[in-house]
Structure formats: structure tokens, C-alpha cells
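Colleague: Below is a structure I'd like to ask you about.
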Amino acid sequence: MANLNVHQLMLKTLTVLIEQHVDTEDDMLILDAFRQNDIKHVCQAIRDVKTADVVYQHVTLRFGSRGEQSVYRFELSEGMRFALDLYSLYLALRQSRFQIDTFHPSLLNHIVVPIDANALLWRKGHEALQQMLALDKRAFRFVIPSLQIQMPEKSHPQLVSLIARMRAHAGALWFDISIPCQQLEFMRKHLPDRVKLAISLDSKTDRHALLPVVRFLRTHKMPWVAGRVASQGELSQYRLLGATHYFGYFSDIPVSMSFKPLTDQELLGLEPEFTE
Numbered sequence: 010m011a012n013l014n015v016h017q018l019m020l021k022t023l024t025v026l027i028e029q030h031v032d033t034e035d036d037m038l039i040l041d042a043f044r045q046n047d048i049k050h051v052c053q054a055i056r057d058v059k060t061a062d063v064v065y066q067h068v069t070l071r072f073g074s075r076g077e078q079s080v081y082r083f084e085l086s087e088g089m090r091f092a093l094d095l096y097s098l099y100l101a102l103r104q105s106r107f108q109i110d111t112f113h114p115s116l117l118n119h120i121v122v123p124i125d126a127n128a129l130l131w132r133k134g135h136e137a138l139q140q141m142l143a144l145d146k147r148a149f150r151f152v153i154p155s156l157q158i159q160m161p162e163k164s165h166p167q168l169v170s171l172i173a174r175m176r177a178h179a180g181a182l183w184f185d186i187s188i189p190c191q192q193l194e195f196m197r198k199h200l201p202d203r204v205k206l207a208i209s210l211d212s213k214t215d216r217h218a219l220l221p222v223v224r225f226l227r228t229h230k231m232p233w234v235a236g237r238v239a240s241q242g243e244l245s246q247y248r249l250l251g252a253t254h255y256f257g258y259f260s261d262i263p264v265s266m267s268f269k270p271l272t273d274q275e276l277l278g279l280e281p282e283f284t285e
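Per the numbering used here, the very first residue in the sequence shown carries number 10; after that it's consecutive.
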């Protein structure tokens, strides 16, 4: 029961954080969906490009009756985006604990969760991360944060400290990048365990923008994951370019994951732990 209460308190803390950062109409739309327990993870297998074996599980926040809309496609305030990222990290921790308690150790997959590094450098994000680590260190070992590292150079010292912390507690450390990428030099200095690319091969411009990044990854022997793979033909191209893993709609439909929400009575009976 004590462990349940700690989880309830963590969820209460994140709920209050989301409620406190409603600044736009889309923020309010997301808050309404959250209160209806309609903001959920969808989970998609990340597979080996050669064998198609499932190696990781990739999770992202969606809403809608079939989880068809990404929460990040809306015009959200920075505070709301950060709060949702923290909620997503917490859901990944819950999913990890569920796996540990349910499946044989040989069947466990690490859970990859994209998160803006700025959300964890934010004071309230730093506090939330501390709480999650204290909550379940073993489950955190099966979580892989895929850090989005778009930030000015002046923030790099704090980012380096965050990276060290993630390496100490998480299952691995990935960087989540898009094209064009302005962070190649930082990546060279702080080699991640893997890079996840949100890319497209739809146009000649997209393909040309991808090539310098692929050359960089090959030069520094960084394994990378191709995301949003739409067809077998695209997968073949990514394999030739050097991708080690992939995920996409043509192979795996995202599956919605849900956990029991707190009741109003439970919410009223708990005090959030964020400092003012």
C-alpha cells in the first residue's frame, strides 16, 4: 500500500503541474483530454533491421479514441510541453514496472521514451526526475530516455550533468534528432549509446539533408534507429544507409497503453511535492 501511495503522490504532482501550465487554447484542450484519462502512451516495437526481432518498445503520448493524434502537434506552451514530457517519462516508468512484475526476465524490453532535455533541466523537471528515481530505481533501469538536445551552447554544462545522471540510472542513453541537425559536434563529444532519427525520404531535399548526418554517424560508429518507416522500400533504403533498428506503421500498429487514473477523492487527499 505504501508503494501505491507513492505512485499516487507522483501522479498527483504531475497532474498539478499540467494544470498549472494552461496558457493557450490548445493547452486547455489537452488538459480536458488529460482529465478524461484520454492522454495515453501508444507503444510500438523497435525492430532489428536484419532479423526484424523486437528489441525495444517505443512510446509516445497520443490522444483520441484510437490514440490517433500526437499531443505535440498542437500549439502548446513551453510549460505544458515540459509537463507532458515528464508525464510521459512517468508512464514509461510505470510500464517498466508492469513488465518486471508480469513477464519472465528474458521477455523484458527496454522502453524508449523521447523527452526534451530542457524539460529535465527545468527546475520542476529536475525535481520530478529526482522523485521518479527515488520511486523505482530498478524499473528506471529498463527505461531509455531519448533526449532531444536542441538548446543553446550556454546550457551545455547543465546538459552534460544531465547526461551523466541518465547514464548512471537509465538502461541506456539515446539522442533523438531531426534533420537538419545542429548538434553533431556535441554528439561527437558526448557519444550516445544510440541515435534515433525522425526522418523522411519523401523528397530529394530530405534525402540530401540526411546524407551528412549518416556520414557523421558512420564516421563515429554510432548505431542509429530509423523512425516513421512507412514501407518495405523505405526500410531497404535505411538498411543500406546503415540503420541498425527501425519502427514504423507498415510493420507495427501503435498499441494504446493505459493505467488507472486517480479518483477525485484520491487527488484531494494528496499533496504535490513540487517546491514553490
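Cβ coordinates follow ideal geometry from the N, Cα and C atoms, glycine included.
Which whole runs of the beta strand (DSSP E) in the stretch 162-233 are 3 residues long or more, in chain order?
Modeller: Complete beta strand (DSSP E) runs here, min 3: 183-187 and 203-207.
Colleague: I'd like the span of the alpha helix (DSSP H) that includes I55, first residue to last.
Modeller: The residue labelled residue 55 in the question sits at position 46 within the sequence shown. Premise fails: I55 lies in the beta strand (DSSP E), I48 to D57, not in any alpha helix (DSSP H).
Colleague: Could you give the first and the last residue of the continuous beta strand (DSSP E) run that contains M266?
Modeller: Within the sequence shown, residue 266 is the residue found at index 257, counting from 1. Counting along the chain, the beta strand (DSSP E) containing M266 begins and ends at V264 to M266.
Colleague: Entirely within the stretch 54-110 and at least 3 residues each: give me those beta strand (DSSP E) ranges in chain order.
Modeller: Whole beta strand (DSSP E) segments, 3+ residues: 63-72.
Colleague: For D62, count neighbouring C-beta atoms within 10 Å of its own C-beta (all shown protein chains included) and say buried if the count is 16 or more, exposed if not.
Modeller: As a working mapping, residue 62 is identified with position 53 in the sequence shown. Result: exposed.
Colleague: Cα-Cα, which of W131, D202 and F83 is closest to M160?
Modeller: Against the sequence shown, residue 160 aligns to sequence position 151. Comparing Cα positions, the closest option is W131.
Colleague: Near E84, which residues of its chain fall below 7 Å by C-beta distance, leaving aside the five closest residues on each side in sequence?
Modeller: As a first step, residue 84 must be located in the sequence shown, where it is residue number 75. Answer for E84: T33 and D35, listed in chain order.
Colleague: Taking only three categories from DSSP, how would you classify A252?
Modeller: For the purposes of this step, residue 252 is taken as residue 243 along the sequence shown, with counting starting at 1. It is coil, neither helix nor strand.
Colleague: Anyone know if the C-beta pair for G251 and G236 falls short of 9 Å?
Modeller: Stepping through the sequence shown from its first residue, residue 251 is reached at position 242. Stepping through the sequence shown from its first residue, residue 236 is reached at position 227. Not a contact, by the Cβ cut-off of 9 Å.
Colleague: Quick one: residues in its chain with C-beta nearer than 7 Å to the C-beta of V223, no 5 flanking neighbours on either side, listed in chain order?
Modeller: Taking the first residue of the sequence shown as 1, we reach residue 223 at position 214. Excluding sequence neighbours, V223 sits near L250 and G251.
Colleague: From this set, S265, P201, I262 and L244, which residue's C-alpha is nearest D57's C-alpha?
Modeller: For the purposes of this step, residue 57 is identified with residue 48 of the sequence shown, where counting begins at 1. Comparing Cα-Cα distances from D57 to each of S265, P201, I262 and L244, the minimum goes to L244.
Colleague: DSSP puts S4 in a beta bridge; with which residues?
Modeller: The structure shown does not extend to residue 4, since the chain is modelled only from 10 through 285, so no value can be given for it.
Colleague: Comparing alpha-carbon positions, which option in I27, K49 and S115 lies nearest L40?
Modeller: The residue labelled residue 40 in the question sits at position 31 within the sequence shown. Nearest of I27, K49 and S115 to L40, Cα basis: I27.
Colleague: Whose CA, out of R216, R90 and M196, lies closest to the CA of T69?
Modeller: The count along the sequence shown starts at 1 and reaches residue 69 at position 60. Comparing Cα-Cα distances from T69 to each of R216, R90 and M196, the minimum goes to R90.
Colleague: Do three or more CB pairs link the stretch 122-142 to the stretch 95-102 at distances below 8 Å?
Modeller: In short, these stretches touch, since the Cβ pair count reaches three.
Colleague: For P232, which residues in the same chain have their Cβ closer than 6 Å to its Cβ, ignoring the five residues on either side in sequence?
Modeller: On the sequence shown, position 223 is the one that residue 232 refers to. Around P232: R203 and T253.
Colleague: For the beta strand (DSSP E) that D6 lies in, which residues bound it at each end?
Modeller: Coverage of the chain is limited to positions 10 through 285, which leaves residue 6 absent and any answer about it impossible.
Colleague: Less than 8 Å between the CB atoms is what I'm expecting for D185 and S155, so what's the real figure, rounded?
Modeller: For the purposes of this step, residue 185 is identified with residue 176 of the sequence shown, where counting begins at 1. For the purposes of this step, residue 155 is identified with residue 146 of the sequence shown, where counting begins at 1. With a Cβ gap of about 4 Å, D185 and S155 count as contacting.
Colleague: Along the alpha helix (DSSP H) that carries L142, what are the first and last residues, could you check?
Modeller: On the sequence shown, position 133 is the one that residue 142 refers to. Unbroken alpha helix (DSSP H) run through L142: R132 to L144.
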